[in-house]
Amino acid sequence: MLANRPDSDAVSLPSSAGERTAIRLALWLATAAAVFAADSLSKNAPHSIVAYNHAHTPGYVLVLVGVLLLGLGLTYSRILAVGAGMMFGSLCGNGMELVRYGYATDWLRIGHYLTNVADLCGAAGLLCCVAGYALPRKR
285 MLANRPDSDA
295 VSLPSSAGER
305 TAIRLALWLA
315 TAAAVFAADS
325 LSKNAPHSIV
335 AYNHAHTPGY
345 VLVLVGVLLL
355 GLGLTYSRIL
365 AVGAGMMFGS
375 LCGNGMELVR
385 YGYATDWLRI
395 GHYLTNVADL
405 CGAAGLLCCV
415 AGYALPRKR
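Residue numbering for the sequence shown follows the numbering used here, beginning at 285 and increasing consecutively.
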């Protein structure tokens, strides 16, 4: 029974603000890396199944958004860190293509729309961020 367990066996939650920030940073980094890897791997699919649609975004916008997403991911909650990490991974995935080729490849057809893994993860990350602000925060 859980009630009979000694305190030394209980799972301890992060007690300091520094520990909580470190956990949020780790979540942010892991999520961003996973999204970036998934997007990069998906764009290396055989060109016969990749449909191209090109978009142009100024580089300074990417840098500004990236810094804002890092700050957002470290400040509030774990779900916000995951959401901001997803959006940052999306930014890196599309940003890498923008830097290398001048455009981002949209190859997934959803109805009449073309998109890519980075775009989908960015949208999911936005939903996580909205949920992070909307849901009550545990203390």
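Here a beta-carbon is modelled for each residue, glycine too, at the ideal position from N, C-alpha and C.
By the Cβ-count criterion, N400 is buried, with 16 or more other Cβ atoms from all chains shown falling within 10 Å of its own Cβ.
Cβ-Cβ separation between M371 and L398: approximately 20 Å, too far for a contact (criterion under 8 Å). Fewer than three pairs of CB atoms, one per stretch, sit closer than 8 Å, so the region 349-366 makes no contact with the region 381-394. R362 and D403 have their C-alpha atoms spaced approximately 21 Å apart.
Annotation for Y397: the continuous beta strand (DSSP E) segment containing it runs 397-399. The count of Cβ pairs closer than 8 Å, one atom from the region 413-421 and one from the region 373-388, stays below three, leaving the stretches out of contact.
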